[in-house]
Each structure stands twice: as structure tokens, then as C-alpha cells.
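**Q** Reading the sequence shown from the start, the letters are residues 1054 to 1213 in the working numbering.
Pasting a structure here, questions to come.
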Amino acid sequence: MRPSRHQQGGAFSCYVFTSDARLLLTMRGQTKKTWPGVWSNSCHGDADPGESTEDAVARALRDELGLTTAVAELVLPGFHCATTGAAGPVYRVVTDEPPHPDPAAVGDFEWVAWTDFVYAVTAGDLMVAPWCGPQVAALSALGADPAGWPVADVAVPPAA
1054 MRPSRHQQGG
1064 AFSCYVFTSD
1074 ARLLLTMRGQ
1084 TKKTWPGVWS
1094 NSCHGDADPG
1104 ESTEDAVARA
1114 LRDELGLTTA
1124 VAELVLPGFH
1134 CATTGAAGPV
1144 YRVVTDEPPH
1154 PDPAAVGDFE
1164 WVAWTDFVYA
1174 VTAGDLMVAP
1184 WCGPQVAALS
1194 ALGADPAGWP
1204 VADVAVPPAA
């Protein structure tokens, strides 16, 4: 029997928003193995062996962004990036807690209006990490208000 997504761990992405739909846009730290110094979604990473994806997301929010009260919700359980070939769920956080990023993980950050970010990425005006652009397209298809995106069931694996 194949374990469910939340038991498997693996790669993930997370988008952190304020209650007024501003995205926490981060620049990947210069010491990151992949795409250092490139703008991306709030956090992106991998679960450690034996760690659930949900625990890995909470760890990244805490360790990389200094967010301790954020609750991540699964919004794209079966996301697959054709650009990179990578697959992994995408989470959303809505919080007004101020971030305290780890400078080794986050080179810079800024809050941007989600609609402005979507436009900049889809128009090619902002270069982002290769997984971020396709995720933005998929997320924007869920609706203009990130707080209104439907939450997926973490216990149900994505369709093959």
C-alpha cells in the first residue's frame, strides 16, 4: 500500500500572505545550493528522511522565516513543474506575524501585493526560480484572493 502524501515527505513550496493578500517574496540566500540570489516564493524545501511534509513546512517557516504561529494549508497537493521535472505539494499561509528571516536562507525579502506579483511573473517582468512561475500560474487559477483558495485534504494522495 502506498503511503499518503503527508507520510511521504519530499519537496514542497509555501506561499505566505498577510490578511490583506500581500505575499512574502523572498530572495534565496547566497549559500543555497540551487538558485542562490534568485527571487522566489516564501519558502521551498525538502522533508528530512522520516519527516512528514507538513512538519517540514512548519520547520522551514520557523527556521528560515522565523514564523512561529503560522499554520500551513495544502492548496496544490499534486503540483508538478514541467520546467524542472520536480513534483511536490504547495502550501499557503495567511498570517500577520512579522517574519524574522535567517540571513543564510533568505538574502532579502519584501511584501508585495499578490495581484502585482502574478502580473510581474506572468508578464516576464520579474525573474523567479524556475518552479515559482508555474506555481504562480496554478495558484492564480484558484482565484484572486489567496485566503479564499480551497484547502486540499492532506490524507488523500493526488491523482496519478
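All residues carry an ideal CB built from backbone N, CA and C; glycine is no exception.
Could you please give me the residues that DSSP links to Arg1075 through a beta bridge?
**A** The partner list for Arg1075 (beta bridge, DSSP) reads Ala1166.
**Q** Identify every residue that forms a DSSP beta bridge with Asp1099.
**A** Beta-bridge pairing links Asp1099 to Ala1064.
**Q** Tell me whether Ser1093 sits in a helix, a strand or coil according to DSSP, three-state version.
**A** Ser1093: strand per DSSP, three-state reduction.
**Q** What are the boundary residues of the beta strand (DSSP E) that includes Leu1129?
**A** Per DSSP, Leu1129 belongs to the beta strand (DSSP E) from Glu1126 to Leu1129.
**Q** Taking 8 Å as the threshold (C-beta atoms), are Pro1151 and Glu1117 in contact?
**A** Contact flag unset, no.
**Q** How big is the Cα-Cα spacing for Gln1188 and Arg1115?
**A** C-alpha separation (whole angstroms): 22 Å.
**Q** Taking Cβ to Cβ, would you say Thr1175 is nearer than 8 Å to Ala1190?
**A** Cβ atoms of Thr1175 and Ala1190: closer than 8 Å.
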